[in-house]
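Below you'll find the structure, written out as structure tokens, and then a few comments.
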Amino acid sequence: MDDLSQVLKARREKLEALRARGIEPFAYNYDPTHHAAGVVSAFEEAETAGELSEDGDGATVRLAGRVVAWRAHGKSIFAHLEDASGRLQLYFKKDVLGDARFADLELLDLGDWLGVEGPVFRTRMGEVTVRVRSWTLLAKSLRPLPFGKVETDPETGERRVHSGFTDTEARYRQRYADLAVHPEVRAVFRTRARVVAELRRFLDDEGFLEVETPALQPLYGGASARPFVTVHNALERTMFLRIADELYLKRLIVGGMDRVYEISKDFRNEGIDRFHNPEFTMLEWYQAFTDYEDQMDLVERMVTHVVERVTGADFLTFGDHEIRVTRPFRRIRLLDALSDALASDVRDMGEGELRRRAEDLSIPELAGAGRGKLIDKLFGELVEPTLVQPTFVLDYPRELSPLAKPRRDDAAGTTERFELYIAGVEMFNGFSELNDPLDQRERFEGQARLRAEGDDEAQQIDEDYIRALEYGMPPTGGVGMGVDRLVMLLTNQSSIRDVILFPVLRADE
RNA sequence: GACCCGGUAGCUCAGUUGGCAGAGCAACAGACUUUUAAUCUGUAGGUCCUGGGUUCGAUCCCCAGCCGGGUCACCA
């Protein structure tokens, strides 16, 4: 115990003192009648209706939360208690509580969980407050939370936090402390839950069936990415964590489940930055008898639905950008947009000229890039950052899209595929699904050749998937979407780590 | 993976051209029965990220490493 810092020691001493006074520092339950926000609204209603007592008291309430501010004045104390709904002021008076119970308050600290009961009133300064008649310690906090001091500007009502908890690393590693002292962080994750709920509601209403497919797979596929590899001991075989749901969901379409979706954790063994976490949440859906045009329409309806339901508006603020979320979204063809940017028709350019153009722009890592990859690199450099307003980019090169159908009227080697960009970030990716098993086998073989040449992100041949296609898959449109990125957009967070409760970090120690 | 920035009290940060380590908040003791960044008086609190090196002496300079952030690369 000698190695504890003085702040930790002080709290343990209080814990012993509480027990010595017969106070259990870790209660078993409590029965609150209200949340903080509900107390305020109920009091204000009673006030308006003239239902307060002669001395201005409203109803008696019970409230439970964490002590987040404490101002002792000798024989009276003001404090703030915060619960899931917000914070409320408490007023403790020695002549209300009695000498002994008032003295016991000395053993409380910021961060303690407390239940209080008493009538609600409005202080001289106008703040709705509980005059505490009795209190119950629910859980002693033995480690000080990094509370800042919250100042409210009396004129603007603006909140300023002093000496807050800003160490980014500590906030991610100790998310519990981050959440405990930052109501706005809790709000981000409430919004996240609503986004996911609205995505579900939208697809359910469209007649989709939610399904679950394996996260642990003998063969991975459906995207270009390196997997996490693990071992099943009893089966004595290598297994992979999924990088995408795609191939399993389309097997279900073959099986006659004509509208399916899955919200899943996917895992990609790649770098980490503000748009990438190694495990992330993906939504994928597949709808029989539709093509990518139908799916663009569905995506537009889905995005406007979610934005409207979550924010109540038809626009978003993301960083410096004001983003209008109104249908229809802009649509550009990839090769047209790139040709405009290069002031020359990409369809007429061979691999050599594309490479020269890329080199002119000092785009790195061009070694081994084929025509499709070069087009993609140039597009990423020249066009993507300009796609701030919602924009569908159409018709990707076949080399980049081994699971997409060829464009029906185009011999130039493009596929019926779109990506939806918002705020310069790829949010959705959909296509008319390739359902010709012979073509699919050729595409897989092409991927296998890339793999043999050292592309460790190329896909493997999935014979079972080809067998499924041979039984016959109806024309199908499918879409994948990064849920975390959509949440970033809707909560105006610049890092994916700020919308994932426990982002991947290096081991600490 | 490359480069840049950072790591000092529970939190937020100063600082030392290399010489006993500083502030505010939090803590502790005291005063104060309508305060709200409460106020006032006093006290205590440190592996200056880790390991080497240089030096009479390193938190500071050098080297290596760890962790984080940012930018880039990777990630269709």
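In this text, residue positions in the first sequence follow numbering that gives the first Met the number 0: the first is 0, and each later residue adds one.
By construction, the Cβ of each residue, glycine as well, lies at the ideal position given by its N, Cα and C atoms.
For clarity, every value in this text was computed on a predicted model and none was experimentally measured.
(1) Shortest alpha-carbon distance to Leu488 belongs to which of Leu248, Ala102, Val305?
(2) Please state the DSSP three-state secondary structure of Ser493.
(3) Is the separation between the beta-carbon of Ala36 and that of Gly85 shorter than 8 Å?
(4) Between Leu282 and Met426, how many whole angstroms is the CB-CB distance? I'm expecting something under 8 Å.
(5) According to DSSP, is Val503 part of a helix, a strand, or is it coil?
(6) Check whether the Cβ atoms of Thr390 and Ile322 lie closer than 8 Å to each other.
(7) Determine the direct distance from the alpha carbon of Arg442 to that of Met238, and round the result to whole angstroms.
(8) Over the uninterrupted alpha helix (DSSP H) stretch that includes His305, give me the two end residues.
(9) Taking just the CA atoms, how far does Leu315 sit from Thr122?
(10) So, for Asp497: in the same chain, excluding its five sequence neighbours on each side, which residues have a beta-carbon less than 7 Å away from its beta-carbon?
(11) Less than 8 Å between the C-beta atoms of Tyr219 and Ile242, yes or no?
(12) If you draw a straight line from the alpha carbon of Arg505 to that of Gln216, how long is it in whole angstroms?
(13) DSSP puts Pro118 in a beta bridge; with which residues?
(14) Quick check on DSSP: helix, strand or coil for Leu89?
(15) Nearest by alpha-carbon distance to Val180: which of Phe288, Arg65, Asp394, Glu168 is it?
(16) Please classify Met0 as buried or exposed, where buried requires at least 16 other C-beta atoms within 10 Å of its C-beta.
(17) Only counting runs of 3 or more residues, tell me where the beta strand (DSSP E) segments fall wholly within the stretch 403-467, in order along the chain.
(18) Can you give me the C-alpha to C-alpha distance between Ala9 and Pro143, rounded to a whole angstrom?
(19) Using a Cβ distance threshold of 8 Å, determine whether the stretch 27-41 contacts the stretch 55-62, with at least three qualifying pairs required.
(20) Pick helix, strand or coil for Pro396, following the three-state DSSP scheme.
(21) Using only alpha-carbon positions, find the residue among Glu205, Gln88, Asp103, Ala99 that is nearest to Gly117.
(22) Given Asp244, which residues of its chain have a CB within under 6 Å of its CB, disregarding the five upstream and five downstream residues?
(23) What does the Cβ neighbour count give for Glu508, buried or exposed, with the cut at 16 atoms within 10 Å?
(24) Report all residues from its chain with a CB closer than 7 Å to the CB of Leu449; omit the five preceding and five following residues, and keep chain order.
(25) Does the stretch 428-443 touch the stretch 462-469, meaning 3 or more C-beta pairs lie closer than 8 Å?
(26) Among Glu150, Asn268, Glu380, whose alpha-carbon lies nearest the alpha-carbon of Ala340?
(27) Take Lys74 as the anchor and find which of Arg300, Thr151, Asp103, Arg236 has the nearest alpha-carbon.
(28) Please return the same chain residues whose Cβ sits closer than 7 Å to the Cβ of Leu246, not counting the five positions on each side in sequence.
(29) Within the same chain, show all residues whose beta-carbon is closer than 8 Å to that of Glu43, passing over the 5 residues directly before and after it, in chain order.
(30) Let me know the secondary structure DSSP gives Met472 once reduced to three states.
(31) Which residue from Gly125, Ile76, Pro182, Leu234 puts its Cα closest to that of Val131?
(32) Where Thr167 and Gly206 are concerned, what is the direct C-alpha to C-alpha distance, given to the nearest angstrom?
(33) Does DSSP put Leu137 in a helix, in a strand, or in coil?
(34) First and last residue of the beta strand (DSSP E) that includes Thr128?
(35) Could you give the distance in angstroms between the alpha-carbon of Ala411 and the alpha-carbon of Asp344?
(36) Who are the Cβ neighbours of Glu350 in its own chain at under 6 Å, not counting the five residues just before and after it?
Here's the rundown:
(1) To locate residue 488, count along the first sequence from 1; it is residue 489. Answer by Cα proximity: Val305.
(2) In the first sequence, counting from the first residue as 1, residue 493 sits at position 494. Ser493 falls in the coil class under three-state DSSP.
(3) Your numbering for residue 36 matches position 37 in the first sequence. Your numbering for residue 85 matches position 86 in the first sequence. Yes, they are a contact pair.
(4) Numbered from its first residue, the first sequence carries residue 282 at position 283. Numbered from its first residue, the first sequence carries residue 426 at position 427. Actually they do not touch by this definition, with Cβ atoms about 11 Å apart.
(5) The residue given as residue 503 occupies position 504 in the first sequence. Three-state result, Val503: coil.
(6) One-based indexing of the first sequence puts residue 390 at position 391. One-based indexing of the first sequence puts residue 322 at position 323. Cβ atoms of Thr390 and Ile322: not closer than 8 Å.
(7) Counted from its first residue, the first sequence places residue 238 at position 239. Counted from its first residue, the first sequence places residue 442 at position 443. Distance between the alpha carbons of Met238 and Arg442: 24 Å.
(8) Locating residue 305 in the first sequence gives position 306, where the first residue counts as 1. One point to set straight first is that residue 305 is Val, not His, in the sequence displayed. First-last of the alpha helix (DSSP H) with Val305: 291-310.
(9) Numbered from 1 along the first sequence, position 123 holds the residue referred to as residue 122. Numbered from 1 along the first sequence, position 316 holds the residue referred to as residue 315. In a straight line, the C-alpha of Thr122 is about 39 Å away from that of Leu315.
(10) Taking the first sequence and counting its residues from 1, one reaches residue 497 at position 498. Cβ neighbours of Asp497 beyond the five flanking positions: Val187.
(11) By one-based count along the first sequence, residue 219 stands at place 220. By one-based count along the first sequence, residue 242 stands at place 243. Yes, they are a contact pair.
(12) In the first sequence, counting from the first residue as 1, residue 505 sits at position 506. In the first sequence, counting from the first residue as 1, residue 216 sits at position 217. Rounded to whole angstroms, Arg505 to Gln216 spans 26 Å at the Cα level.
(13) For the purposes of this step, residue 118 is identified with residue 119 of the first sequence, where counting begins at 1. DSSP, once it has assigned bridges, lists Thr59 as partnering Pro118.
(14) In the first sequence, counting from the first residue as 1, residue 89 sits at position 90. Looking at Leu89 - three-state DSSP - the assignment turns out to be strand.
(15) For the purposes of this step, residue 180 is taken as residue 181 along the first sequence, with counting starting at 1. The residue with the shortest Cα to Cα distance from Val180 is Arg65.
(16) Sequence index remark: in the first sequence, residue 0 carries index 1 (1-based). Note on Met0: pLDDT 37, under 50, position unreliable in the model; the coordinate value appears next. Its Cβ having fewer than 16 others within 10 Å, Met0 is exposed.
(17) 416-421, 424-431
(18) Along the first sequence, read from residue 1 onward, the residue named residue 9 stands at position 10. Along the first sequence, read from residue 1 onward, the residue named residue 143 stands at position 144. Those two C-alpha atoms are separated by around 10 Å.
(19) yes
(20) Within the first sequence, residue 396 is the residue found at index 397, counting from 1. Correct three-state label for Pro396: strand.
(21) What you label residue 117 is simply residue 118 of the first sequence in a count that begins at 1. Per the Cα distances, Gln88.
(22) As a working note, residue 244 is residue 245 in the first sequence. Excluding residues within five positions, the ones whose Cβ falls inside 6 Å are Thr212, Glu261, Ser263, Glu283.
(23) The residue labelled residue 508 in the question sits at position 509 within the first sequence. Annotation note: pLDDT 48 at Glu508 (below 50); position unreliable, coordinate value reported separately. That one is exposed.
(24) The count along the first sequence starts at 1 and reaches residue 449 at position 450. Excluding positions up to five away in sequence, the list reads Ala457.
(25) yes
(26) As a position in the first sequence, residue 340 is number 341, starting the count at 1. Out of Glu150, Asn268, Glu380, Glu380 has the C-alpha closest to the C-alpha of Ala340.
(27) Along the first sequence, one-based indexing puts residue 74 at 75. Answer by Cα proximity: Asp103.
(28) Start at 1 with the first residue of the first sequence, and residue 246 comes out as number 247. If we look at Leu246 and ignore the five residues flanking it on each side, its Cβ neighbours are Gly220, Gly221, Asp461, Tyr464.
(29) In the first sequence, counting from the first residue as 1, residue 43 sits at position 44. Excluding positions up to five away in sequence, the list reads Val127.
(30) Position 473 of the first sequence, counted from the first residue, corresponds to residue 472. Met472 falls in the coil class under three-state DSSP.
(31) In the first sequence, residue 131 corresponds to position 132, counting from 1. Val131 has its Cα closest to that of Ile76, out of Gly125, Ile76, Pro182, Leu234.
(32) Indexing the first sequence from 1 puts residue 167 at position 168. Indexing the first sequence from 1 puts residue 206 at position 207. Each residue's Cα considered, the two are about 42 Å apart.
(33) Your numbering for residue 137 matches position 138 in the first sequence. Leu137 falls in the strand class under three-state DSSP.
(34) The sequence position of residue 128 within the first sequence is 129, counting from 1. Taken as a continuous stretch (DSSP letters only), the beta strand (DSSP E) holding Thr128 covers 127-130.
(35) Counted from its first residue, the first sequence places residue 411 at position 412. Counted from its first residue, the first sequence places residue 344 at position 345. When rounded, the distance between both Cα atoms is 13 Å.
(36) Walking along the first sequence from the start, residue 350 turns up at place 351. Only Arg370 meet the Cβ criterion.
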